[in-house]
Every structure is written in structure tokens, then in C-alpha cells.
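Residue numbers (the numbering used here): 2 to 253.
All residues carry an ideal CB built from backbone N, CA and C; glycine is no exception.
Treat the numbers as computed from the prediction; the structure is a model and nothing was measured.
Working notes, beginning with the structure itself.
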């Protein structure tokens with residue numbers, strides 16, 4: 002049986018320890034500065050920090066936090082969702098890191114998860130600050146989708162910081178050893194969601210870019226497990242992508 006972030010959050014907690022932007026240096030290679038982002042902003046003000054950060058971290062690192070300066074982050078509206086038809090159910094702010102993707106971190110992966118529990122369980126634990134993990138989306142057996150973290154933000158779902166920064170995490174209700182949990186409605190709804198993500202971020206619908214949690218380096222999880230039908234899922238994702246493309250052409 003695969004381990005779950007819902008029941009086994011320890012791996013995500015390890016990842017969480019390296020993800021607090023206000024308690025780490027200005028960039029991943031900014032150790033020479035010896036200064037946190039929050040302290041830098043407090044000491045020097047936005048303009049001075051921006052100039053100094055170019056010297057300390059370089060432009061490549063600067064883009065990962067430039068959006069945090071006042072006026073640079075993308076506009077957000079309460080309850081807004083990224084996938085049409087999803088229901089907004091906010092995760093605890095302790096379970097993700099605010100970001101400005103893809104401006105600061107390019108997105109080129111979808112990570113498929115299985116809850117090892119119910120849809121209601123996933124929502125409950127992702128709203129719990131003590132859990133310190135959450136996925137962007139949760140898909141119910143009947144195909145209903147909850148969005149819990151904006152795609153702009155880095156959700157703690159994969160147990161690997163690099164993967165978290167570049168990916169969208171999708172949870173699916175059920176258990177890895179019960180193939181009957183993966184219903185037609187779930188496959189089809191999840192496939193439309195993944196096709197939408199692939200289209201918006203411009204990456205292909207293949208097994209390099211749509212991966213299972215088990216494939217994430219350093220993880221000890223096994224989901225979505227041996228009963229997840231990858232061939233079927235990718236066919237559905239590609240069909241949904243073609244359908245969306247045709248609809249766009251008709252509208253234009």
C-alpha cells in the first residue's frame with residue numbers, strides 16, 4: 002500500500018523545513034549575504050535591496066523573490082480558481098509557500114497523487130496547519146474538483162523542493178490497492194484538469210511531464226500505485242487537450 006501525505010506527512014515536513022522564504026537567505030546560493038529576505042527588506046527598503054540582491058545572488062536568483070517587493074506580485078481575488086468549474090476550498094497557509102509562478106518558477110510538471118483516504122479527509126488535513134502539506138487540487142470519485150492552493154503558489158505536496166516549485170499537485174480520492182476507487186468520472190475530470198494545465202503552461206502531455214508521486218526523487222511514497230491506468234489517463238488527457246484546442250479555434 003502506498004503511503005499518503007494525508008496519513009504520512011513526515012516527508013513533506015522535511016521538505017517544509019527548507020521552504021520558509023522569510024527564514025532563509027535571499028536565494029538558494031545566497032549564504033554569503035547572511036541575511037533573510039524579511040530582514041533585508043526591513044533594513045534597506047525595496048529599492049536598495051533590489052540593487053544589492055543583483056550583486057549577492059545574480060539575476061537568476063533575484064527573479065525568485067522580486068515579486069515580493071510591493072506592487073510586483075500578480076493580482077489575486079479571494080476565492081478565484083485556476084481551473085474552470087473547480088470549487089475553492091482554501092488550504093492552510095502553513096501548507097504552501099506564496100509565490101508568483103511561472104514568473105519566478107517555471108511550471109512543467111503535474112504530479113499525480115492518491116489520498117489513501119476520502120475526499121473529505123484530504124480537505125480536512127490540507128486545511129490543518131499542523132499537517133504542513135497540501136496539493137493544489139483534490140478530485141473526488143464523482144469528478145468534482147476542489148482547488149486548495151493557487152497555481153501561482155508552491156504547494157508542499159511532492160516531498161522534494163525542486164519538484165514542488167515546478168509542478169502542480171493533483172490528489173485523487175481513494176486507496177492505491179483498490180482499483181474500483183478510480184472511477185470513470187474521476188479519470189475524465191482529472192484528465193480535463195491536467196490537459197488544461199498542460200495547455201496553459203505549454204508542456205506536453207507525456208510521462209516525462211505527467212508523473213506519479215512515486216517518481217519524485219527522494220520520496221518514499223508509492224502512489225498512485227499499480228492500479229492507476231496510465232495509458233488510459235494519458236489518452237484522456239490528450240483527447241481533452243485536442244477538444245479544448247478545437248473549441249478555441251471555433252470561438253476565434
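Since I believe residue 156 is in contact with residue 139 (beta carbons under 8 Å), could you give me their beta-carbon distance rounded to a whole number of angstroms?
In fact, because the Cβ distance is near 11 Å, the residues do not count as touching under 8 Å.
Can you tell me whether residue 233 is helix, strand or coil according to DSSP?
Residue state, collapsed to three classes: helix.
Looking at the structure shown, is residue 244 part of a helix, part of a strand, or coil, going by DSSP?
Residue state, collapsed to three classes: helix.
Who does residue 114 pair with in a DSSP beta bridge?
In DSSP, residue 114 forms no bridge with anything.
Please return the same chain residues whose Cβ sits closer than 6 Å to the Cβ of residue 84, not counting the five positions on each side in sequence.
These residues qualify, in order along the chain: 194 and 197.
Would residue 133 pass as a contact of residue 95 if the rule is Cβ separation under 8 Å?
The answer is yes: Cβ separation under 8 Å.
Taking the alpha-carbon positions, what's the residue 186 to residue 174 distance?
Each residue's alpha carbon lies about 12 Å from the other.
Under the three-state reduction of DSSP, which class applies to residue 95: helix, strand or coil?
Reduced to three states, the DSSP call for residue 95 is helix.
Taking DSSP as the reference, what is the three-state secondary structure of residue 81?
DSSP places residue 81 in coil when its eight states are reduced to three.
For residue 219, which beta-bridge partners are listed by DSSP?
Residue 219 pairs with nothing; no bridge assigned.
Only counting the same chain, and skipping five residues up and downstream in sequence, which positions put a Cβ closer than 8 Å to that of residue 130?
Closer than 8 Å at Cβ, skipping near neighbours: 93, 94, 95 and 96.
Give the range of the alpha helix (DSSP H) segment to which residue 1 is assigned.
Nothing can be reported for residue 1, as the shown portion of the chain is limited to 2 through 253.
Taking 6 Å as the limit between beta carbons, can you name the residues of its chain near residue 87, skipping five residues before and five after?
The residues are 146 and 148.
Does the separation of the CB atoms of residue 224 and residue 210 fall below 8 Å?
Contact flag unset, no.
Closest to residue 77 by CA distance: which of 141, 113, 126 and 154 is it?
Among 141, 113, 126 and 154, the Cα nearest to that of residue 77 is on 154.
Quick one: what's got a C-beta closer than 7 Å to residue 239's C-beta in the same chain, skipping five residues either side?
Same-chain partners within the cutoff: 206.
Alpha carbon to alpha carbon, how far is residue 166 from residue 75?
Looking at the two C-alpha atoms, the distance is approximately 17 Å.
Spatial neighbours of residue 241 within its chain, please: CB distance less than 7 Å, with the 5 preceding and 5 following residues excluded, ordered by chain position.
Cβ within range, chain order: 192, 193 and 196.
Residue 140 lies in the beta strand (DSSP E); which residues open and close that run?
Element bounds for residue 140: 138-140.
From the DSSP output, in three-state form, read off residue 192 for me.
It is helical.
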